[in-house]
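S.K.:
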Amino acid sequence: MNDYTAQRNKPIRVYSPQLLFQGIIEDHDSLLWKRRYYEPGEFELKAPITDHNRNLLRPGNILTLRNAGEAMFIEDLENEDTSNAKQLVRAGRALSAYFDFRRIGTPLNPTAYFSGPVEDAMHFLINFCAPLPLVELGNVQGFPEVVEFQATMKNLSSYLTKLSRASGIGYRLRPDFKQKKLFFETYKGVDRTLSQGVNSRVIFSEAYENLNEVRYRYNDQLFATEVVVGGEGEGTDRVYVTIGGGSGLQLRQGFCDAKDLRSDNLSPAQYRANLRQRGLEWMAGHCINESLEFKTDPTVNFNYREHYDLGDLVTAEKREWEQQVDQRLTELQETYEHGGMSVDPTMGDPLPESIDWRDE
Numbered sequence: 202m203n204d205y206t207a208q209r210n211k212p213i214r215v216y217s218p219q220l221l222f223q224g225i226i227e228d229h230d231s232l233l234w235k236r237r238y239y240e241p242g243e244f245e246l247k248a249p250i251t252d253h254n255r256n257l258l259r260p261g262n263i264l265t266l267r268n269a270g271e272a273m274f275i276e277d278l279e280n281e282d283t284s285n286a287k288q289l290v291r292a293g294r295a296l297s298a299y300f301d302f303r304r305i306g307t308p309l310n311p312t313a314y315f316s317g318p319v320e321d322a323m324h325f326l327i328n329f330c331a332p333l334p335l336v337e338l339g340n341v342q343g344f345p346e347v348v349e350f351q352a353t354m355k356n357l358s359s360y361l362t363k364l365s366r367a368s369g370i371g372y373r374l375r376p377d378f379k380q381k382k383l384f385f386e387t388y389k390g391v392d393r394t395l396s397q398g399v400n401s402r403v404i405f406s407e408a409y410e411n412l413n414e415v416r417y418r419y420n421d422q423l424f425a426t427e428v429v430v431g432g433e434g435e436g437t438d439r440v441y442v443t444i445g446g447g448s449g450l451q452l453r454q455g456f457c458d459a460k461d462l463r464s465d466n467l468s469p470a471q472y473r474a475n476l477r478q479r480g481l482e483w484m485a486g487h488c489i490n491e492s493l494e495f496k497t498d499p500t501v502n503f504n505y506r507e508h509y510d511l512g513d514l515v516t517a518e519k520r521e522w523e524q525q526v527d528q529r530l531t532e533l534q535e536t537y538e539h540g541g542m543s544v545d546p547t548m549g550d551p552l553p554e555s556i557d558w559r560d561e
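Residue numbers (our numbering): 202 to 561.
Structure below.
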């Protein structure tokens with residue numbers, strides 16, 4: 202058992218938006234701490250209504266757990282005083298959701314052009330926006346994935362998530378409370394699947410008694426094998442790029458309207474490369490959604506955060522269904538209640554909460 206999972210009833214440390222220590226919450230009834238690989242995670246906290254808790258759990262304040270290496274900020278408040286409960290409820294997102302507050306570009310310089318490694322692209326976009334307090338760029342890891350695009354006044358958080366999903370590179374804002382800084386970091390999970398022989402393997406299976414309450418989902422309603430990207434121009438003068446293909450029932454076509462991409466100061470090849478990148482982003486959002494969700498004890502056979510962590514590729518076996526899945530841990534929900542802790546992993550890409558059926 203590592204230091205992290207040993208603390209089943211974790212005290213919550215509270216900081217101001219300037220990373221100044223405010224105090225500790227120890228009497229909470231429950232805490233759901235959901236970590237995500239491709240996008241900001243989220244939390245929900247329930248605690249008794251006391252002056253101490255109300256003073257600490259204010260909008261914008263930051264919560265963290267010991268040895269977590271991550272933090273989340275409060276943006277949703279609710280106080281309940283009913284016959285069933287008297288408690289305060291606080292919710293919010295991981296610090297990387299600060300990027301949701303920014304748009305790429307300014308009215309005087311609205312369009313970002315980039316060609317190169319995805320990590321550098323993320324750094325470039327952050328620098329292209331209005332500065333966020335305390336945020337500093339960490340070291341690049343040298344991942345080989347490359348990208349070419351232009352983006353005009355796009356939401357920074359959404360675009361970072363698109364780049365993350367298309368490349369398999371995760372990102373986060375890591376707080377350093379001593380230096381009073383937030384470091385932007387990129388990272389990749391480790392391949393711990395049964396099929397590889399380099400790293401220690403992690404297998405979730407009923408045979409190992411670490412696979413409980415399993416839920417498997419598959420959905421291909423949004424899946425496309427080909428997309429036509431339409432750029433600038435009208436009629437026969439419009440520029441089109443096609444990505445993918447197929448035939449018969451294996452051909453699933455889509456259209457991506459990219460008229461916002463302009464060819465100004467770009468060669469024809471560069472402009473088509475930008476259209477192609479937009480198409481790849483579109484395809485990444487129109488893939489087969491396949492996920493496996495389950496519950497596990499964080500110390501049975503494999504210790505959470507020691508033997509496996511967010512972003513790792515692992516194996517799950519459900520023998521009754523004759524199913525073996527090798528996928529990335531894209532979400533990990535830590536649940537603290539009744540003096541105990543459990544972990545609910547999600548492998549693969551869970552379905553979106555709603556499907557937008559409007560023509561694109």
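The beta-carbon is built from N, C-alpha and C at its ideal position, and this holds for glycine as well.
Since this is a predicted model, take the numbers as computed values, not measurements.
(1) Compute the Euclidean distance between the alpha carbons of Q534 and S231, then round it to the nearest angstrom.
(2) Within its chain, find whatever has a CB closer than 6 Å to the CB of R373; leave out the 5 residues flanking it on each side and keep chain order.
(3) What residues in its chain sit with their C-beta under 7 Å from that of D321, if we drop five residues either side in the sequence?
(4) Pull up the CB-CB distance for D301 and S358, whole angstroms please, since I reckon it's below 8 Å.
(5) I'd like the span of the alpha helix (DSSP H) that includes Q380, first residue to last.
(6) Just verifying my parser: in three-state terms, what is the DSSP assignment at K363?
(7) Taking the alpha carbon of Q397 as the point to measure from, which residue in V515, E346, L338 and R520 has its own alpha carbon closest?
(8) Cutting at 6 Å between CB atoms, please list the residues of its own chain near E491, excluding the five before and the five after it.
(9) Tell me whether the beta-carbon of K381 lies closer than 7 Å to the beta-carbon of E337.
(10) Counting Cβ pairs closer than 8 Å, one from the stretch 275 to 293 and one from the stretch 310 to 320, do we hit at least three?
(11) Could you give the residue range of the beta strand (DSSP E) that holds M354?
(12) With distances taken Cα to Cα, identify the nearest neighbour of I370 among F244, T547, T500 and T531.
(13) Put S406 into one of helix, strand or coil per three-state DSSP.
(14) I'd like the list of long-range same chain contacts for S368, defined as Cβ closer than 8 Å, with 5 residues on each side in sequence excluded.
(15) Does the beta-carbon of A352 have 16 or more other beta-carbons within 10 angstroms, so that it is buried, or is it exposed?
(16) Which residues in the same chain have their Cβ closer than 8 Å to the Cβ of K389, if we skip the five residues on either side of it in sequence?
(17) Just reading off the alpha helix (DSSP H) that W483 is part of, what are its end residues?
(18) Look at the Cβ atom of G339, then the Cβ atom of F405, and state whether they are nearer than 7 Å.
(19) Should I263 be labelled buried (16 or more other beta-carbon atoms within 10 Å of its own) or exposed?
(20) Roughly how many angstroms separate the alpha carbons of F503 and Y509, rounded to a whole number?
(21) Buried or exposed: P499, going by 16 or more other Cβ atoms within 10 Å of its Cβ?
(22) Please report the residue range of the beta strand (DSSP E) in which V430 lies.
(23) Pairing CB atoms from the stretch 434 to 444 with CB atoms from the stretch 474 to 493, are three or more of them under 8 Å?
(24) Mind checking C488: buried by the 16 CB within 10 Å criterion, or exposed?
(25) Go through its chain and collect everything with a Cβ distance to E410's Cβ below 8 Å, but skip five positions before and after it.
(26) Buried or exposed: V399, going by 16 or more other Cβ atoms within 10 Å of its Cβ?
(27) Determine, using beta carbons only, whether I305 and K363 come nearer to each other than 7 Å.
(28) In angstroms, rounded to a whole number, what distance separates the CA positions of I275 and E494?
(29) Report the option in Q223, D545 and E435 whose CA atom is closest to the CA atom of N254.
(30) Within this structure, are the beta carbons of Y288 and K235 separated by less than 7 Å?
(31) I226 and L257 look like a contact to me (Cβ under 8 Å); what is the Cβ gap, rounded to whole Å?
M.R.: Result, derived from the coordinates:
(1) 13 Å
(2) Around R373: S297 and E386.
(3) V341
(4) About 4 Å separates the beta carbon of D301 from that of S358, a gap short enough to meet the 8 Å contact definition.
(5) That residue, Q380, is in no alpha helix (DSSP H); it is neither H nor E in DSSP.
(6) helix
(7) Taking only the C-alpha atoms, the option nearest Q397 is V515.
(8) Y419 and G549
(9) The beta carbons of K381 and E337 sit no closer together than 7 Å.
(10) no
(11) Note, M354: premise wrong, no beta strand (DSSP E); not H, not E.
(12) T531
(13) strand
(14) V319, F344, E346 and V348
(15) buried
(16) Q342, F344, G369, I370, G371 and G512
(17) Taken as a continuous stretch (DSSP letters only), the alpha helix (DSSP H) holding W483 covers P469 to A485.
(18) no
(19) With 16 or more Cβ atoms within 10 Å of its Cβ, I263 is classed as buried.
(20) 7 Å
(21) buried
(22) E427 to G431
(23) yes
(24) exposed
(25) V501 and N502
(26) Burial call: exposed.
(27) no
(28) 27 Å
(29) If we check each option's Cα against that of N254, Q223 comes out closest.
(30) Looking at the sequence shown, residue 288 is not Tyr but Gln. Cβ distance not < 7 Å, so Q288 and K235 don't count as in contact.
(31) 6 Å
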